[in-house]
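These notes concern the structure reproduced below.
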Amino acid sequence: MRPARVKIAASLSVLIAALPAVAAEFDSYGAAPAEFPEATFQPDLIIELGLGTGYAPLYDGSSKYGPTFSPIIGLELLVIPGIIEIGGDERQGGFSFAPALSIAGERKSEDNVHLLGLPNIDATYAPGLRVGYEWGAAEIYGELRYAFGGAQGLLGDVGVNLTAQLTPELEIVGGPVVSFASENYMDTYFGVTAAGSAATGGRLAAYDPTGGIKSAGLNLSARYEFMPDTFISANASYTRLMGSAADSPIVEKDAVNQFVVGIGLSRRFTLDLY
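According to numbering that gives the first Met the number 0, the stretch in the sequence shown is residues 0 to 273, in order.
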């Protein structure tokens, strides 16, 4: 028995001695590829989409109110490598750039006794650019948009926002804003042609507005993240029509002061496109 044990032990010794060479051969020809650290997620697009509903004047200058529905579209980040980078995850201060969009729904004269005789106005869409400058919790901003559809012309806003981050989930933003519009836009929504005046039986006098300041007011909104990347929002605004808009016969008596309230539900989507 002892010789057999010696033979087995000797064989094991030879095998153990050969393992480094075998391992070297396996490493050279049969080893699995080296492991690399996982690539970190770098988002290229962060966008917030949702739907809002509210209660607002039937048209600019109306004394009657009704329900409204509008999309919620918020662009937090857009990166096109080597071309453009807009926004970011954190408030960094300094200048910021973002797209802007406003929509005015269709105005039907048959639905508004005050406007009977005037032509209808199709929905107007106004895309553009928003530029802001932040320092601390304050931001001054300006928007310039070009309207097409029912009306054509330039629209713009200049305002100041103050932000209160009450909790990590709850944010309140508000401040004053002044809006302006070009003459073409004002003609469509606040002007009355001689033919239009005649069609109303002279009830609405002919009126040719000029461009300039359209309104001034205050905006206030609250946004609460009740689930990760899911938000409920509430907003309210007061606007006073000014200048040519306030003087228009389109504006009903005591309707230069306009109020809007609304709520919305939205969700943030984060995508790595490249």
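Idealized CB from N, CA, C, for every residue including glycine.
How far does the alpha helix (DSSP H) with residue i in it extend, from its first residue to its last?
i           : result
residue 183 : 182 to 189
residue 205 : Premise fails: residue 205 is in no alpha helix (DSSP H) and is neither H nor E.
residue 195 : 193 to 198
What did DSSP end up calling residue i once you bin it into helix, strand or coil?
i           : result
residue 245 : helix
residue 109 : helix
residue 154 : strand
residue 283 : Because the chain here runs from 0 to 273, residue 283 falls outside it and cannot be looked at.
residue 114 : helix
residue 82  : coil
residue 68  : strand
residue 251 : coil
residue 96  : strand
Which value, in whole angstroms, describes the spacing of the CA atoms of residue i and residue j?
i           : j           : result
residue 141 : residue 129 : 6 angstroms
residue 233 : residue 66  : 15 angstroms
residue 46  : residue 76  : 7 angstroms
residue 246 : residue 216 : 17 angstroms
residue 122 : residue 172 : 28 angstroms
residue 58  : residue 241 : 15 angstroms
residue 250 : residue 261 : 23 angstroms
residue 258 : residue 44  : 34 angstroms
residue 158 : residue 273 : 36 angstroms
Decide if residue i is buried, meaning its Cβ has at least 16 other Cβ atoms within 10 Å, or exposed.
i           : result
residue 106 : buried
residue 226 : exposed
residue 119 : exposed
residue 109 : exposed
residue 117 : buried
Just curious, the beta strand (DSSP E) that residue i is in, first and last residue?
i           : result
residue 127 : 123 to 134
residue 147 : 137 to 148
residue 280 : For the chain, the structure presents residues 0 to 273; residue 280 sits outside this window and is missing.
residue 54  : 44 to 56
Would you list the residues sitting across from residue i in a DSSP beta bridge?
i           : result
residue 257 : 238
residue 162 : 172
residue 353 : What is shown of the chain runs 0 to 273, which leaves residue 353 out entirely.
residue 269 : 45
residue 230 : 224, 265
The ligand HEM and residue i: does the residue's C-beta get closer than 6 angstroms to at least one heavy atom of that ligand?
i           : result
residue 180 : As for the ligand HEM, it is missing from this structure, which has no ligand bound.
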